[in-house]
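Numbering (the numbering used here), first residue to last: 3 to 760.
The following block contains the structure:
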C-alpha cells in the first residue's frame with residue numbers, strides 16, 4: 003500500500019510538471035497502473051535494473067547525437083526519472099532520481115523542484131549544503147528572495163567546511179539585493195569577493211554595490227564602483243550595464259575616461275584573449291595621452307595583440323615605431339619585429355635588423371633570438387651555408403643554454419637537409435652529449451636517420467639508445483617504426499593499493515605515518531564521497547569542485563597524488579586528473595618512463611569522451627585522434643580559452659565553428675556555445691573530418707591544418723614535395739605548429755598503444 007501511495011504521489015507531481023512544461027500529461031493513467039514491467043527506452047533498449055535505468059535517465063545516449071535539442075533531452079530525462087521512481091520506489095536509485103529531478107526543475111518548475119529537494123535533504127544528508135543551495139535558487143525563481151537569502155545564509159552555519167561557501171555568499175548577496183536590502187546584500191557580496199575564487203562573481207558584486215550606492219544617493223561612490231567594474235571586467239555583461247549607467251552622467255557630472263583606465267581595461271581584455279577589443283582600447287589610450295610614460299608598454303601590447311589576430315602589416319608598423327624608442331619594451335619590440343619579418347617572408351628587412359643588433363643594448367637572449375630568425379629565413383631560401391653561419395653565431399653567444407642547444411640542433415638539421423649526413427651526425431652527437439632534455443631525443447633520432455642514409459652501421463644502436471633514455475617520446479615512436487625495439491617493462495607501483503600497518507607506518511609529509519593505503523585514506527574524506535555521489539547523478543562540475551580541494555591537501559605526498567589522479571579519472575573529472583598526472587608524473591608518463599601505478603595511465607590518457615566523439619557519426623575519423631587533439635589542445639578543460647581566442651575542449655575558433663555549422667546546416671554557433679561540451683565536440687569532430695577529406699586522409703596534414711589552417715599547410719606541402727613524413731614535420735616553419743603536430747601524434751600513438759595493451 004505504501005509503495006502504491008508513493009507511486010501515485012510521484013505520478014501526480016510529474017503530471018503537474020508535464021502540464022506546466024508542455025500542457026500535457028506524460029503518459030496515460032492506465033500505463034502506470036498495471037504491474038511493473040521492464041522499461042522500454044526510446045532506442046528500443048530495455049532496462050530492467052534500477053541502476054541501468056537511472057543511467058539511461060541521467061545520461062541518455064540520445065544527448066550525444068544531433069537528433070534532440072537541450073529541451074528535448076531535458077524532457078527525456080524527466081520522463082525516464084519519473085518511470086524509474088514509479089517502478090523502483092523506496093530504492094536508493096529512486097531517491098537519486100528524485101534529487102536529480104529537483105535539480106533539473108529549478109528553473110522550469112521551482113515549486114516541484116523544492117518538493118523533490120526537501121525530500122532529498124532527508125535522503126542525502128552528506129549533500130546538505132548543495133541541496134540548500136538548490137532550494138535557495140528555486141526560491142529565488144519563485145520570487146521569494148528573502149527566504150532564498152536565509153537558505154543561502156544557512157549553508158555556512160550548517161556545513162562550515164563546505165566548498166560552496168563563496169558561492170553561497172554570492173547568492174545570498176544577490177537574494178538580499180532582489181529583496182531590496184542593500185546593507186545585507188553588500189555584506190554578503192563582500193564575503194564572496196573575499197573568497198577570491200571563480201565562483202565569487204566579482205563583476206556582479208560590483209554592479210550590485212554600485213546600484214545600491216545609487217539607491218542611497220551616494221553618487222561619487224557609485225561612479226567609482228561602476229568605473230572599477232567597467233575597467234576590470236570589460237568582457238562581462240555587467241560591464242555593459244555599468245557603461246550605460248556611467249554614460250547617463252550620474253549626478254549631472256559628465257563621464258570622463260582617464261587614459262590609464264583605458265590601458266587597464268585593455269590589459270583585462272588581453273587576459274581573456276579578447277584581442278580585437280584590447281586593440282581598440284590601446285589605440286584610444288595612445289591617442290589620449292601622448293606623454294604617458296607607459297606608451298612603450300602599450301605599443302608592445304598592441305603589436306603582440308595584432309600578431310595574435312594575424313594582422314601582420316599593422317603589427318610590423320607598430321613594432322617599427324617602438325624600436326625607434328629606448329627601454330626594455332623597445333628591445334622586446336625588436337624581437338617581435340624580427341619574428342614578424344620572418345612570418346611575412348621579408349628576409350631583407352630581417353637581415354638588415356640582424357646586422358644592427360651588435361651595437362645595441364639588447365640582451366644576449368634577444369640578440370640570439372634575432373640571429374636565429376635570420377638563420378631560419380636563410381634556411382627557408384636554401385642559403386644553407388649562410389644559415390649555418392648564423393646558427394653557429396647563436397650557438398656561441400646565445401642565452402640561455404636552451405637557445406644555444408636550439409642553434410646547435412639547427413646546424414645539424416641543415417647539414418641533414420644538404421645530404422651531408424656525416425657532418426650532420428657529428429653535430430648532432432655534440433648536441434646529444436650536452437644532455438639537453440628538450441633536444442637530446444630529436445638529436446639522437448636524426449643521428450640515426452643520418453647514419454642510415456650514409457650507410458653507417460651505428461643507426462640501430464642510436465635508435466636503441468634513444469628508446470632506452472626516452473621511451474615514451476615522439477622520437478622513440480618514430481624509431482620504433484624503423485627498427486624492432488623491444489618494449490621496456492617498468493615494474494608496477496603498488497603504492498596506491500598497499501596497506502601499511504600502524505606500527506610499521508611509512509613516512510608521509512615529513513614524518514607522519516599512514517595506516518591505510520593512499521586510496522583508502524582519500525575514500526574516507528567526505529569530499530570524495532560527495533564527489534562520487536555527484537558523479538553518479540551526472541553532476542560532473544560539482545564532483546570536480548569537491549575533488550579539486552583534495553589536490554592541495556596531498557600536495558607533498560606523491561603516492562596519494564598518484565592515487566588521487568587515478569580516482570579523479572575514474573569519476574570522470576578528466577581535466578583535473580590529467581593536469582595532476584602531467585604536473586607530477588610527466589617524465590614517467592611521456593618521456594623517460596618509470597614506476598607508476600598502472601591505473602595512472604587512464605588518468606593520463608582519458609577515454610571517457612569517446613562515446614560522445616563516436617556519437618557524432620563521423621565514421622572516417624578515428625576517435626583516438628580526436629581524443630589526442632583534446633588532450634593536447636585543452637587538457638580536457640571545457641572552459642579553456644587560448645591566447646588567440648580558441649575555445650573549449652577542442653579549442654575551436656568562433657569563426658571556424660560558424661563555417662562548420664553552416665556547412666552542416668546547423669544553427670549559428672556563438673562564442674559561449676563553444677563552452678558546451680557536446681557542441682564543441684560536434685563542431686570539432688566535423689572539422690577534423692573536413693580536413694581529413696581535404697587531405698585525402700593524411701593524418702599529419704590534418705593535425706597541422708587543425709592548428710595552422712589548411713591553406714598555409716597546402717603551401718608547405720607544395721614547398722617540400724617528396725619529403726618523408728618525419729622530414730616534413732621537422733620542416734614546418736611555424737614552431738608552434740611543428741611542436742603541436744609532434745605532441746598530438748605522440749598522444750595519438752599512445753592512445754593506440756594503450757588500447758592494444760588493454
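By construction, the Cβ of each residue, glycine as well, lies at the ideal position given by its N, Cα and C atoms. Bear in mind the structure is a predicted one, so any value in this text is a computation, not a measurement.
Counting the other Cβ atoms within 10 Å of the Cβ of residue 532 gives 16 or more, which makes it buried. When the beta-carbon positions are compared, residue 305 and residue 287 stay at least 7 Å from each other. Annotation: the region 538 to 606 contains the following complete segments of the alpha helix (DSSP H) (minimum length 4 residues), in chain order: 542 to 555, 560 to 572, 576 to 588 and 602 to 606. It is roughly 53 Å from the alpha-carbon of residue 727 to the alpha-carbon of residue 290. For the pair residue 274 and residue 237, the CB atoms are nearer than the 7 Å cut-off.
Annotation: residue 560 to residue 597 spans about 12 Å, alpha carbon to alpha carbon.
Annotated three-state conformation of residue 649 is strand, per DSSP.
With respect to residue 101, residue 122 sits close: the two C-beta atoms are nearer than 7 Å. Judged by DSSP in its simplified three-state form, residue 48 adopts strand.
Per DSSP, the continuous alpha helix (DSSP H) segment holding residue 309 begins and ends at 297 to 310.
Here residue 267 is buried. Its C-beta has 16 or more other C-beta atoms within 10 Å.
Going by C-alpha positions, residue 637 is about 42 Å away from residue 358.
By the criterion of at least three beta-carbon pairs nearer than 8 Å, the region 417 to 434 is not in contact with the region 693 to 708. Note that the region 644 to 655 touches the region 666 to 684; at least 3 beta-carbon pairs, one per stretch, sit closer than 8 Å.
Going by beta carbons, residue 92 and residue 104 fall outside the 7 Å limit. In this structure, the beta-carbon distance from residue 416 to residue 391 does not fall below 7 Å. For residue 654, the secondary structure class from DSSP, reduced to helix, strand or coil, is strand. Measuring C-alpha to C-alpha distances from residue 265 to each of 249, 284, 254 and 247 identifies 284 as the nearest. Per the Cβ contact rule, the region 710 to 725 is not in contact with the region 582 to 599 (fewer than 3 Cβ pairs under 8 Å). Taking 7 Å as the cut-off, the beta carbon of residue 344 is found no closer than this to the beta carbon of residue 386. Partner residues in the beta bridge of residue 643, as assigned by DSSP, are 649. Note that the C-beta distance between residue 429 and residue 450 is not below 7 Å. DSSP places residue 250 outside both helix and strand once states are collapsed to three, so it counts as coil. Closest in alpha carbon position to residue 272, among 177, 308 and 364, is 308. Distance from the Cα of residue 695 is smallest, within the candidate group 746, 639, 623 and 729, for 623. Of the other Cβ atoms in all chains shown, 16 or more fall within 10 Å of the Cβ of residue 577; this residue is therefore buried. Shown here, residue 695 sits in a helix according to DSSP, grouped into three states.
No residue range can be given for residue 327, since it is assigned to no alpha helix (DSSP H) and is classified by DSSP as neither H nor E.
Annotated as proximal: residue 574 and residue 542, with beta-carbon spacing under 7 Å. Of the candidates 686, 232, 634 and 671, the residue whose Cα lies closest to the Cα of residue 744 is 634.
By the neighbour-count criterion, in which a residue is buried when 16 or more other Cβ atoms sit within 10 angstroms of its Cβ, residue 599 is buried. In this structure, DSSP gives residue 366 a helical state, which the three-state scheme calls helix. With a 10 Å radius around the Cβ and a threshold of 16 neighbouring Cβ atoms, residue 326 comes out exposed.
In the structure shown, residue 753 falls within a helical segment according to DSSP collapsed to helix, strand and coil. For residue 89, the enclosing alpha helix (DSSP H) covers residues 72 to 89. A contact is defined here as three or more CB-CB pairs under 8 Å, and the region 162 to 176 meets this definition with respect to the region 129 to 138.
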